[in-house]
Every structure is written in C-alpha cells, then in structure tokens.
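Reviewing the structure listed below.
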Amino acid sequence: MWAREGGMTLLEVLVAMMVLALGVFMAAALQVRGLQASDNARREGQALQLLQGMLERVRAAGALSAADQAAWQIQVPAVLGASAEGRVSHSAGWLMLEVHWSVGAERQMLGLQGRALP
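Mapping to UniProt numbering: the sequence shown position 82 is 82, numbers consecutive.
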C-alpha cells in the first residue's frame, strides 16, 4: 500500500496566489480612490477659501475694484491649476462669485453669493 503524503498541490498554490493577488489589487485600487477623494476635497477647500477671501475683500473695501478682481482672477488658476477660472458678477448689492476647474475630464464648479456692495 502506498502511504498518503500531506501537503499542497501546485494547483492549490496557484489558486491561493490568485486570491492573494486579487486582494492586493483591490487594496491598491481602494487606496487610489481614497487619494483621488482627498485631492478633490483639498481643491474644493481651496476654492471655498478663494471665494470667501474675495467676498471679504470686497466687504472690507466697500466696493468691487477692478484691481482686486484682476488679482483674484490671476490667483484662482495659480491655486487650483491652469484650467481654473474665476467669475465675478454683481447685481443690486449682491456679489456672485464662481470658481470653475477641471478634475480629469470632469468640470467642477463652486459658487458663493453674498450681500457685499452698498
């Protein structure tokens, strides 16, 4: 009689390696998604700071100056990237600010409106 030997076959080892490789791949994909979400949150935070800063600048000055507007529109792409742009409009004492930027093929927008002008 032949004695039965213990141990794993080559097929069992290959299946275990495939399961392990799949787990590592999924963990790496999850990490990449987390980094993308973190980067998007950072950009949104920076955009909001730019919007609030411009609104406060206009409130402090009491008027929307062309120099402040031009400086802000230069600052927006410097902070958020070359594809970013800032838009300013005002009507009846209200100041409407928008920041647009691209994340990959997606276009993002954040706006802020406040009573700032007399």
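For each residue, glycine too, the CB sits at the ideal point set by N, CA and C.
query	result
Taking the alpha carbon of V58 as the point to measure from, which residue in L95, A37, R107 and M26 has its own alpha carbon closest?	L95
Identify every residue that forms a DSSP beta bridge with E98.	R87 and G111
Have a look at V99 and A61 and give me their C-alpha separation to the nearest angstrom.	21 Å
Counting only runs of 3+ residues fully inside the stretch 21-100, write out the beta strand (DSSP E) ranges in chain order.	85-91
Anyone know if the C-beta pair for L110 and E44 falls short of 8 Å?	yes
For V76, which residues of its own chain have a beta-carbon under 7 Å away from its beta-carbon, when the five flanking residues on both sides are left out?	L50, A84, E85, G86 and V99
Is it buried or exposed for M54, if we count other Cβ within 10 angstroms and need 16 for buried?	buried
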